[in-house]
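Take a look at the structure below.
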Amino acid sequence: DIQMTQTPSSMPASLGERVTISCRASQGISNYLNWYQQKPDGTIKPLIYYTSNLQSGVPSRFSGSGSGTDYSLTISSLEPEDFAMYYCQQYDSSPNTFGAGTKLELK
Amino acid sequence: QVTLKESGPGILQPSQTLSLTCTFSGFSLSTYGMGVGWIRQPSGKGLEWLANIWWDDDKYYNPSLKNRLTISKDTSNNQAFLKITNVDTADTATYYCARILEQLRVMDAWGQGASVTVSS
Numbered sequence: 195d196i197q198m199t200q201t202p203s204s205m206p207a208s209l210g211e212r213v214t215i216s217c218r219a220s221q222g223i224s225n226y227l228n229w230y231q232q233k234p235d236g237t238i239k240p241l242i243y244y245t246s247n248l249q250s251g252v253p254s255r256f257s258g259s260g261s262g263t264d265y266s267l268t269i270s271s272l273e274p275e276d277f278a279m280y281y282c283q284q285y286d287s288s289p290n291t292f293g294a295g296t297k298l299e300l301k
Numbered sequence: 002q003v004t005l006k007e008s009g010p011g012i013l014q015p016s017q018t019l020s021l022t023c024t025f026s027g028f029s030l031s032t033y034g035m036g037v038g039w040i041r042q043p044s045g046k047g048l049e050w051l052a053n054i055w056w057d058d059d060k061y062y063n064p065s066l067k068n069r070l071t072i073s074k075d076t077s078n079n080q081a082f083l084k085i086t087n088v089d090t091a092d093t094a095t096y097y098c099a100r101i102l103e104q105l106r107v108m109d110a111w112g113q114g115a116s117v118t119v120s121s
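Just so you know, the protein sequences line up as chains A and B, in that order.
Just so we're aligned: the first sequence equals residues 195 to 301 in this note's numbering.
Just so we're aligned: the second sequence equals residues 2 to 121 in this note's numbering.
What follows is the structure, encoded as structure tokens:
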């Protein structure tokens, strides 16, 4: 199975701040990397697919980049609703696997 | 608008079989490229993919649980199902179903999750 190492596990940040979350795969995943946001009530929302494609309705302050084994999610200017858990997912090979998550917290 | 909703027993005892239903709208599981997946999340932990079923009835399982999982669908009633046999306390989790777009390889719509507790 491909292991996904997501860093940091938690990140205190302020409103308006620019933040980046990283995800490293144990082998190349050909850009099949997705990002999801989970709110405290459990609701899961897809943000980005295939490394850098924004899901419909996702604000443009979210962006994704990367290649090979290293990928990242950037939020350009944090809004109150962005404080949540974030998960990366590789979908290059089965079983698809998720990172352990990053908790974005208000500083 | 695509919506999915999971339903399950809530609580069951060790060694029983867990049966989950995903009822969805806004798409058809007979449409080319559509799939439904099941993912679970123990309280306070991360996401674990369990199984997928596709528009052509292809099925894929997580090898770590494969012998215990059965996924199926009822296209006419817009439902997908997951059975997990011989449950134990480690199966206590919130279970999600999600629509998968095969060509984009993304779970682009998720249900709200169904909480399942395994306890004697």
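Even glycine gets a Cβ: it sits at the ideal position worked out from N, Cα and C.
Practice task
Using the DSSP secondary-structure output, state which residues sit across from A/I238 in a beta bridge.
Solution key: A/Q232
Practice task
Assuming B/L83 and B/L66 form a contact by the criterion Cβ under 8 Å, report the distance between their Cβ atoms to the nearest whole angstrom.
Solution key: The C-beta distance from B/L83 to B/L66 rounds to 10 Å, too long to fall under 8 Å, and the pair is not in contact.
Exercise for the section: Tell me whether B/N78 sits in a helix, a strand or coil according to DSSP, three-state version. Expected result: In the three-state reduction of the DSSP assignment, B/N78 falls in the helix class.
Practice task
Entirely within the region 6 to 55 of chain B and at least 3 residues each: give me those beta strand (DSSP E) ranges in chain order.
Solution key: 19 to 26, 35 to 42, 49 to 55
Exercise for the section: Leaving out five residues on either side along the sequence, give the residues of the same chain with a beta carbon under 6 Å from the beta carbon of A/L300. Expected result: F277
Practice task
Leaving aside the five residues before and after A/S304 along the sequence, list all residues of the same chain whose C-beta is less than 6 Å from its C-beta, in chain order.
Solution key: No answer is possible for residue 304 of chain A: it lies beyond the span of chain A, which begins at 195 and ends at 301.
Handout entry: Under 7 Å between C-beta atoms of A/I196 and A/T296
Key = no
Practice task
Kindly list, in the order they appear in chain B, the residues whose Cβ is closer than 9 Å to that of A/G295.
Solution key: K46, G47, L48
Handout entry: Coil, strand or helix - B/T93 by DSSP
Key = coil
Handout entry: Buried or exposed by the 16-neighbour rule on C-beta atoms within 10 Å, applied to B/N68
Key = exposed
Handout entry: Length-filtered (3 minimum) beta strand (DSSP E) runs lying within the region 271 to 301 of chain A
Key = 279 to 284, 296 to 300
Exercise for the section: With a cut-off of 8 Å on the beta carbons, I'd call B/I12 and B/T118 a contact; round off their distance for me. Expected result: 5 Å
Problem - Residues within the region 229 to 257 of chain A neighbouring chain B, beta-carbon criterion of under 7 Å - result: G236, T237, I238, P240, Y243, Y244, Q249
Practice task
With DSSP as the reference, label A/N247 as helix, strand or coil.
Solution key: strand
Problem - B/L105 at chain A interface by Cβ criterion, 7 Å - result: yes
Handout entry: Beta carbon proximity, A/F277 to chain B, threshold 7 Å
Key = So, not an interface residue.
Exercise for the section: Within 10 angstroms of the Cβ of B/K46, are there 16 or more other Cβ atoms? Answer buried if so, exposed if not. Expected result: exposed
Practice task
Report the partner residues of B/L102 according to the DSSP bridge assignment.
Solution key: B/M35, B/V107
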